[in-house]
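As structure tokens, the structure follows; a few thoughts come after it.
In our numbering, the protein residues as written are 151 to 242.
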């Protein structure tokens with residue numbers, strides 16, 4: 151508690167110290183997430199620059215693993231609405 155200039159016997163000091171510690175923890179978590187994202191970005195950039203074939207093969211495996219459970223009726227309805235709106239805009 152000395153580190154935070156607070157006393158344990160005061161009522162609000164414990165909550166203040168807890169919130170300060172939680173804030174520091176969340177800031178540190180954010181820094182770690184940014185570091186991991188930067189590290190992955192640098193790795194993929196290096197792979198793109200040096201080993202383009204491997205880079206594109208890895209992209210293909212990621213894209214093929216994506217599962218799309220889109221209903222055909224919804225897609226048809228969406229594009230029908232898009233084309234109808236475009237036809238109305240062109241007629242003006």
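Note that the Cβ used here is the ideal one computed from N, Cα and C, for glycine as well.
Measure the C-alpha to C-alpha separation of residue i and residue j and round it to an integer number of angstroms.
| i | j | result |
| --- | --- | --- |
| residue 174 | residue 165 | 14 Å |
| residue 198 | residue 187 | 16 Å |
| residue 234 | residue 227 | 11 Å |
| residue 177 | residue 169 | 12 Å |
| residue 167 | residue 181 | 21 Å |
| residue 190 | residue 200 | 15 Å |
| residue 185 | residue 221 | 38 Å |
| residue 205 | residue 194 | 7 Å |
| residue 223 | residue 230 | 10 Å |
How far does the alpha helix (DSSP H) with residue i in it reach, from first residue to last?
| i | result |
| --- | --- |
| residue 179 | 163–200 |
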